[in-house]
Amino acid sequence: MSAVGELTQIVANRKKGGAKEKHPDNKQAAVFMLPWLPWLLGFLGITLIPMIASFVLAFTDYSLLAAPNFVGLENIKEMIADSRLHNSLVVTFIYVFVGTPLQLVAALLLAVVLNQGIKGLAFYRSVFYLPSLLGGSVAIAILWRQMFGANGLINQVAGMFGFENLPGWVSNPDTALGTIILLHVWTFGSPMIIFLAGLRQIPEMYYEAASVDGASKLAQFFRITIPLLTPIIFFNVVLQVINAFQSFTQAFVVSGGTGGPSDSTMFYTLYLYQKGFTQFDMGYASAMAWLLLIIVAIFTAINFFVSKFWVFYDD
Numbered sequence: 018m019s020a021v022g023e024l025t026q027i028v029a030n031r032k033k034g035g036a037k038e039k040h041p042d043n044k045q046a047a048v049f050m051l052p053w054l055p056w057l058l059g060f061l062g063i064t065l066i067p068m069i070a071s072f073v074l075a076f077t078d079y080s081l082l083a084a085p086n087f088v089g090l091e092n093i094k095e096m097i098a099d100s101r102l103h104n105s106l107v108v109t110f111i112y113v114f115v116g117t118p119l120q121l122v123a124a125l126l127l128a129v130v131l132n133q134g135i136k137g138l139a140f141y142r143s144v145f146y147l148p149s150l151l152g153g154s155v156a157i158a159i160l161w162r163q164m165f166g167a168n169g170l171i172n173q174v175a176g177m178f179g180f181e182n183l184p185g186w187v188s189n190p191d192t193a194l195g196t197i198i199l200l201h202v203w204t205f206g207s208p209m210i211i212f213l214a215g216l217r218q219i220p221e222m223y224y225e226a227a228s229v230d231g232a233s234k235l236a237q238f239f240r241i242t243i244p245l246l247t248p249i250i251f252f253n254v255v256l257q258v259i260n261a262f263q264s265f266t267q268a269f270v271v272s273g274g275t276g277g278p279s280d281s282t283m284f285y286t287l288y289l290y291q292k293g294f295t296q297f298d299m300g301y302a303s304a305m306a307w308l309l310l311i312i313v314a315i316f317t318a319i320n321f322f323v324s325k326f327w328v329f330y331d332d
């Protein structure tokens, strides 16, 4: 066989070998992708497809009982003129921007106390984390409504100290939202654990050097702890603001699903629920859902933008 013939045969054999080697690669790729299949199906069926459907429904008049009717921007125009929607936004903003800072302050202070090396740290950490697991439950919301009722535990304890004719805190428009904010503050366990983990990462030598220089504990807290903990604070702020905007169960149970009294606990999510599943105005509810997404995205973007002025990293 000539040299050209031998070279042609070698190339042909390599091509055949390469073709055969593709099958194991395809099988390996299939095996590799198999564990991702449940996540992919869940992402498509639970997240992506419903999001696309809600975006389409936001421009329709859809009652769940009849086919959607395209109405263009009518839902948006109705939202601009909807006074109850405006009130729900005000109530939600008060809840987020009052409750979240108070919750984070309580979580940070308690984390600092637990970081002092007290005995039984694991026990206390579990006990203080428990409200975060239970705070969003229906049972705790019912308990909260009973405690702050006219004949609830709070008024009974206050009566022991001479206070009389106290109102039902959850039935008074001036105090109903405050009781739900207090419930939100009580669920400080999750950010507390994150703060505690951040405090454990601060080198002890900084505090020792500050003590040698005569710095007080308060000065060490504001000059060492807070600056070095700003990345953790930023993380908790972003996470808790997003969670607060999505709060629903507390207002629904405490108000009996009405947002009362006088719409004082009408959270945005509760009003969205009423429009979609009580009044069967699913097109309007879908438009509200996308407005909530935009609001959360805006405040998250603001947090990231402002963070460069107060968050300090190692570099």
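Residue numbering for the sequence shown follows my numbering, beginning at 18 and increasing consecutively. The beta-carbon is built from N, C-alpha and C at its ideal position, and this holds for glycine as well. Values in this document were obtained by computation on a predicted structure and should not be read as measured data.
- [ ] Please classify Q296: is it buried, with 16 or more other beta-carbons within 10 angstroms of its beta-carbon, or exposed?
- [x] By the 10 Å Cβ count, Q296 comes out exposed.
### Message
Taking the alpha carbon of P244 as the reference point, which residue from K94, N189, W327 has its own alpha carbon closest?
### Response
Nearest option by C-alpha distance: W327.
- So, is the C-beta of L126 closer than 8 Å to a C-beta in chain C? In the structure shown, chain C does not exist; there is a single protein chain.
Handout entry: First through last residue of the alpha helix (DSSP H) which encompasses I211
Key = Note, I211: alpha helix (DSSP H), 206-217.
Could you name the residues of the same chain whose beta carbon sits closer than 7 Å to that of A306, not counting the 5 residues immediately before and after it, in chain order? Taken in chain order, the residues that qualify are S71, L289.
**Q.** Of the residues A302, K234, I259, F238, the one placed nearest I315, counting alpha carbons only
**A.** The option with the nearest alpha carbon to I315 is I259.
**OP:** Would you mind giving the Cβ-Cβ distance between L127 and F252, rounded to the nearest angstrom? I have them listed as a contact below 8 Å.
**Re:** The C-beta distance from L127 to F252 rounds to 17 Å, too long to meet the 8 Å contact threshold.
Nearest-angstrom Cα distance between L256 and Q45?
-> For L256 and Q45, the distance between alpha carbons rounds to 38 Å.
T77 - partner residues in DSSP beta bridges
For T77, which the question treats as bridged, DSSP gives the partners F87.
- [ ] Give the range of the alpha helix (DSSP H) segment to which N253 is assigned.
- [x] Counting along the chain, the alpha helix (DSSP H) containing N253 begins and ends at 243-262.
So, for A175: in the same chain, excluding its five sequence neighbours on each side, which residues have a beta-carbon less than 7 Å away from its beta-carbon? The beta carbon of A175 lies closer than 7 Å to those of L183 in the same chain, with the five residues before and after it left out.
List, from N- to C-terminal side, the alpha helix (DSSP H) runs of 4 residues or more that fit wholly inside the stretch 178-205. List check, alpha helix (DSSP H) in window: 193-203.
Give the secondary structure of G137 by DSSP, where H, G and I count as helix, E and B as strand, and everything else as coil. Coil, per DSSP.
What residue from D298, S105, G179 has the CA that sits closest to D280's CA? Ranking the options by Cα distance to D280, first place goes to S105.
S228, DSSP secondary structure in three states = It is helical.
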